[in-house]
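Student: To convert, note that position 121 of the sequence shown is 914 in the numbering used here; the numbers rise steadily by one, no gaps. For each residue, glycine too, the CB sits at the ideal point set by N, CA and C. Keep in mind the model is a prediction, meaning the values are calculated, not measured.
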Amino acid sequence: MGKTLLITGAGSGIGRATAVRAAEDGYDVVLVGRRKGPLNQTLALLKEGAHSVLPCDVADRHAFRLGLRQVLGEPGFCDSPLVAVFANAGIGGSNEYAEDAGEDRWNEILRVNVTGVYVTLNECKTISHVLWSGKDACRGNKQCLGAVWCAESIGLCDI
Ligand SMILES: NC(=O)c1ccc[n+]([C@@H]2O[C@H](COP(=O)([O-])OP(=O)(O)OC[C@H]3O[C@@H](n4cnc5c(N)ncnc54)[C@H](OP(=O)(O)O)[C@@H]3O)[C@@H](O)[C@H]2O)c1
Numbered sequence: 794m795g796k797t798l799l800i801t802g803a804g805s806g807i808g809r810a811t812a813v814r815a816a817e818d819g820y821d822v823v824l825v826g827r828r829k830g831p832l833n834q835t836l837a838l839l840k841e842g843a844h845s846v847l848p849c850d851v852a853d854r855h856a857f858r859l860g861l862r863q864v865l866g867e868p869g870f871c872d873s874p875l876v877a878v879f880a881n882a883g884i885g886g887s888n889e890y891a892e893d894a895g896e897d898r899w900n901e902i903l904r905v906n907v908t909g910v911y912v913t914l915n916e917c918k919t920i921s922h923v924l925w926s927g928k929d930a931c932r933g934n935k936q937c938l939g940a941v942w943c944a945e946s947i948g949l950c951d952i
């Protein structure tokens, strides 16, 4: 029997690279991100398997739950059990003090990078393994990156 890995932020960067490697290692992969186009581009790179694409905002609990049920519950989408989650989706770049930061930058970063991880892990709580990476990278440099990254790191500690 196969095994499934769900990856958020799978349309680019670390998420895409992880998906490619996981498919090579025999996982069926559920690719999550807001935009279908980049997810399909990742899908095209994957070694054959029962992979699927789930376009949704990870911070939108209702949409994530509905999408997850569809992908994992319908025959032909994902035939193997979900054994692991990589809660990788997030936004980086400008902090809340940057000149180009909009008024809502603080809220958006916390919504995606903290609430999004919380929603992902909670909605997948029946799985046996949980992994995440990426956003932890900020932890050693809190003092020079801005309060929002510090708040994010602390928020992620106990999820
Ligand atoms: N690369 C670094 O040096 C570094 C350093 C510190 C932390 N990190 C963190 O590590 C993770 C991966 O980094 P990366 O460099 O691979 O970033 P990336 O290429 O920008 O990938 C982030 C992915 O997350 C998705 N995403 C963003 N908001 C989302 C949302 N609300 N719901 C669902 N998906 C969403 C994006 O796709 P859509 O826009 O289509 O949704 C994108 O594919 C990120 O969380 C990033 O913040 C990276």
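Taking the beta carbon of Glu889 as the centre, do at least 16 other beta carbons fall within 10 Å, making it buried, or is it exposed?
Tutor: buried
Student: Go through the region 814–889 residue by residue and report every complete run of the alpha helix (DSSP H) that reaches 4 residues or more, in order.
Tutor: You should have 829–838, 854–866.
Student: Please identify the residue among Ala891, Ser873, Val851 whose C-alpha is closest to the C-alpha of Asn881.
Tutor: Val851
Student: I think Leu847 touches Leu824, with their Cβ atoms under 8 Å apart; what is that distance to the nearest whole Å?
Tutor: 7 Å
Student: Could you tell me the boundaries of the beta strand (DSSP E) in which Ile800 lies?
Tutor: 796–801
Student: Do three or more CB pairs link the region 938–949 to the region 892–907 at distances below 8 Å?
Tutor: yes
Student: Can you look up Ile807 in the DSSP assignment and give me helix, strand or coil?
Tutor: helix
Student: Report the three-state DSSP secondary structure of Ala930 (helix, strand or coil).
Tutor: Residue confidence for Ala930 is low, a pLDDT of 45 falling below 50, so the modelled location carries little weight and cannot support an answer.
Student: Using DSSP with H/G/I as helix, E/B as strand and the rest coil, what is Ala944?
Tutor: helix
Student: Leaving out five residues before and five after Gly842 in sequence, what residues of the same chain have Cβ atoms less than 8 Å from its Cβ?
Tutor: Gly795, Ala816, Gly819, Tyr820, Asp821, Val822
Student: For Thr835 and Gly808, what's the separation of their Cα atoms in angstroms?
Tutor: 9 Å
Student: Can you determine whether any heavy atom of ligand 1 sits closer than 7 Å to the C-beta of Gly806, and answer yes or no?
Tutor: yes
Student: Is Asn915 a contact residue of ligand 1, with contact defined as CB to any heavy atom under 7 Å?
Tutor: no
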